[in-house]
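S.K.: Please see the structure below; I have some questions.
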């Protein structure tokens, strides 16, 4: 099969849509809801945010997949005006949580911790009630919310009323109407806000965000009945640069990331330059594995458009400008027909109100034009591919741990300073200094690197039966392997 890459095709949405589009805004939420019972239609629902006058909005604007904007008129009160809240669609409903509003009379920001449901059958809002005495997440903004299935929501991170970044995880049972805080085992991501969180099969992936600066790490959350755990991922392909305030959408075994802000830091760690990105990155799970896909027309990090390089939609776009200018605090929404809808945000100087359709197509890679990448994956193969990637990541972590232990053991046995004191990690002493020692057989070339390193360490242990008392701790998963090798 000839190598292919994804080609991003952008089209301005407002030029072809009927009705009045929403006003320019950032910090809003948007989600797709397919209502096949009442309307037989798929909708992109836009709610809230901050307009160009820095006023919080409470309006509800809906785009039908057929191309017409309309404004439902709920008979009852809905969520108060707010921005930087989070939302997720479940069935024919949209759930909205948190956010904040600036109260001018008090000159302070009020944070929300309420949960609302929009019923698209009737276009009515319903506040989701839960016991005030039961555990619940604190009021927050800039958090992430995803639907795990038809019965649960997952809330992650954000920032509290003191602007303290959070790393907590909560699930909300739609059937019981109750929050439950999760306690992941093992390593976990740093506390953050303005991150991208999305489901990929039975797992949830977290990329980037603001951890007191733009981050570029990728994590996988595994949820099981007995608990949950985070795993850091290092995947093949060109990963996007660190960023915050970017948008993400999930569709058919793919996660699509767009835009955000990257940072350059100078002296004292202060941000010297912030660039608003216009690039597109695609994380694809297929039969050949999980990887970052090459995207043509996605602009790319090296060509990231900032507010100085691209015309502002608020001032009017050039007719020759055929992709969205760089931005943050916008939304990207996936529709079932394969399209992605991008709307709003800010370029750092203006609040944006432009809207774009994004489609992908497979394109051949010209000679020397990039790495070989698989074709578009099927959703059914995503879990197996992600499991392979997770296993590879765990093996790499074990390899790094084992090599560090091997170097540390060798140094201590020889009376050398440890590697953290800027000494060479491994030194071979002259034979007279060591005395006779059994020689470990050379492992065959086909033996995995992890086993080779373990074999070398076992030989070192056998050569020096009187070990110093303060040796580095061996990870639990590797200790049994060391014991078996020594017995041989």
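Residue numbers (my numbering): 40 to 527.
Backbone N, C-alpha and C fix where the C-beta goes; we use that ideal spot for every residue, glycine too.
Quick check on DSSP: helix, strand or coil for residue 55?
M.R.: DSSP places residue 55 in coil when its eight states are reduced to three.
S.K.: Here's a check: name, in chain order, each residue in its chain whose Cβ is nearer than 7 Å to the Cβ of residue 236, leaving out the five neighbours to either side.
M.R.: The answer, listed in chain order, is 183, 185, 195, 243, 245.
S.K.: Could you tell me the boundaries of the beta strand (DSSP E) in which residue 296 lies?
M.R.: Taken as a continuous stretch (DSSP letters only), the beta strand (DSSP E) holding residue 296 covers 293-297.
S.K.: Could you round the C-beta distance between residue 46 and residue 324 to whole angstroms and report it? I think they count as a contact, below 8 Å.
M.R.: The Cβ separation is near 20 Å, so there is no contact.
S.K.: If we count Cβ pairs, one from each stretch, closer than 8 Å, do we get three or more for the region 59-78 versus the region 365-377?
M.R.: Yes, since at least three Cβ pairs between the region 59-78 and the region 365-377 fall closer than 8 Å, the two stretches touch.
S.K.: For a test of the three-state rule: what should DSSP assign to residue 308, helix, strand or coil?
M.R.: Residue 308 falls in the helix class under three-state DSSP.
S.K.: Once you ignore the five residues that flank residue 111 on each side, which residues in its own chain have a CB closer than 8 Å to its CB?
M.R.: Excluding sequence neighbours, residue 111 sits near 99, 101, 162.
S.K.: Could you tell me which of 188, 180, 154 sits nearest to residue 203, measuring between CA atoms?
M.R.: Residue 203 has its Cα closest to that of 180, out of 188, 180, 154.
S.K.: Between the Cα of residue 295 and those of 126, 286, 51, spot the shortest distance and give me the residue it belongs to.
M.R.: Checked all of 126, 286, 51; the closest Cα to residue 295 is 286.
S.K.: Here's the rule I'm using: 16 or more other beta-carbon atoms within 10 Å means buried, otherwise exposed. How should residue 365 be labelled?
M.R.: Classification for residue 365: buried.
S.K.: Going by beta-carbon coordinates alone, are residue 159 and residue 190 separated by less than 9 Å?
M.R.: Cβ atoms of residue 159 and residue 190: not closer than 9 Å.
S.K.: So what does residue 528 bridge to, in DSSP terms?
M.R.: Absent from the model: residue 528. The displayed extent of the chain is 40 to 527, so no value can be given.
S.K.: How is the beta strand (DSSP E) around residue 89 delimited, first residue to last?
M.R.: Neither: residue 89 is in no beta strand (DSSP E) and is coded neither H nor E.
S.K.: Starting from the Cα of residue 149, find the closest Cα among 167, 127, 123 and give me that residue.
M.R.: Of 167, 127, 123, the residue nearest in Cα terms is 123.
S.K.: Which residue or residues does DSSP assign as beta-bridge partners of residue 80?
M.R.: For residue 80, which the question treats as bridged, DSSP gives the partners 74.
S.K.: Taking the alpha-carbon positions, what's the residue 318 to residue 292 distance?
M.R.: Whole-angstrom Cα-Cα distance: 20 Å.
S.K.: Once DSSP output is grouped into helix, strand and coil, what is the label at residue 403?
M.R.: Residue 403 falls in the strand class under three-state DSSP.
S.K.: Within 10 angstroms of the Cβ of residue 386, are there 16 or more other Cβ atoms? Answer buried if so, exposed if not.
M.R.: Buried: at least 16 other Cβ atoms inside 10 Å.
S.K.: Give me, in chain order, the residues of the same chain whose beta-carbon lies closer than 6 Å to that of residue 250; leave out the 5 immediate sequence neighbours on both sides.
M.R.: Within the same chain, residue 250 has close Cβ partners 229, 231.
S.K.: When burial is assigned at 16 or more other CB atoms within 10 Å of the CB, is residue 49 buried or exposed?
M.R.: Buried.
S.K.: So residue 69 and residue 379 are in contact, right, with Cβ under 8 Å, and what is the actual spacing, rounded?
M.R.: Contact flag wrong, Cβ pair sits at about 11 Å.
S.K.: Return the chain-ordered list of same chain residues with a C-beta closer than 8 Å to the C-beta of residue 311, the five sequence neighbours on each side being excluded.
M.R.: Around residue 311: 303, 304, 305.
S.K.: Measuring only the C-alpha atoms, how far is residue 257 from residue 114?
M.R.: Taking the straight line joining both Cα atoms gives about 43 Å.
S.K.: DSSP state of residue 169, grouped into three classes?
M.R.: In this structure, residue 169 counts as coil in the three-state DSSP scheme.
S.K.: So the candidates are 388, 168, 91; which of them puts its Cα closest to the Cα of residue 136?
M.R.: Closest by alpha carbon: 168.
S.K.: Sort 63, 57, 56 by Cα distance to residue 370 and report the nearest one.
M.R.: It is 63 whose Cα lies nearest to the Cα of residue 370.
S.K.: Taking the alpha carbon of residue 65 as the point to measure from, which residue in 395, 208, 391 has its own alpha carbon closest?
M.R.: Answer by Cα proximity: 391.
S.K.: Could you check whether residue 56 and residue 288 sit closer than 9 Å to each other, using their CB atoms as the reference points?
M.R.: Their beta carbons are not under 9 Å apart, which means residue 288 does not touch residue 56 by this criterion.
S.K.: Comparing alpha-carbon positions, which option in 117, 58, 105 lies nearest residue 87?
M.R.: It is 117.
S.K.: Here's the rule I'm using: 16 or more other beta-carbon atoms within 10 Å means buried, otherwise exposed. How should residue 398 be labelled?
M.R.: By the neighbour-count rule (16 or more Cβ atoms within 10 Å), residue 398 is not buried but exposed.
S.K.: Could you tell me the alpha carbon to alpha carbon distance between residue 342 and residue 93, rounded to whole angstroms?
M.R.: Summary for residue 342: the model assigns pLDDT 39, below 50, so the residue's position carries little reliability; its value from the coordinates is reported in the next sentence. Straight-line Cα distance between these residues: approximately 30 Å.
S.K.: How big is the Cα-Cα spacing for residue 141 and residue 327?
M.R.: Looking at the two C-alpha atoms, the distance is approximately 49 Å.
S.K.: Starting from residue 238, trace the beta strand (DSSP E) both ways and give me its first and last residue.
M.R.: It spans 235-239 - the beta strand (DSSP E) in which residue 238 sits, taken as one unbroken run.
S.K.: Just reading off the beta strand (DSSP E) that residue 156 is part of, what are its end residues?
M.R.: Unbroken beta strand (DSSP E) run through residue 156: 154-158.
S.K.: Where do the ends of the beta strand (DSSP E) carrying residue 385 lie?
M.R.: Per DSSP, residue 385 belongs to no beta strand (DSSP E) and is neither H nor E.
S.K.: Whose C-alpha, out of 89, 120, 82, 96, is nearest the C-alpha of residue 107?
M.R.: For residue 107, the nearest C-alpha among the options comes from 82.
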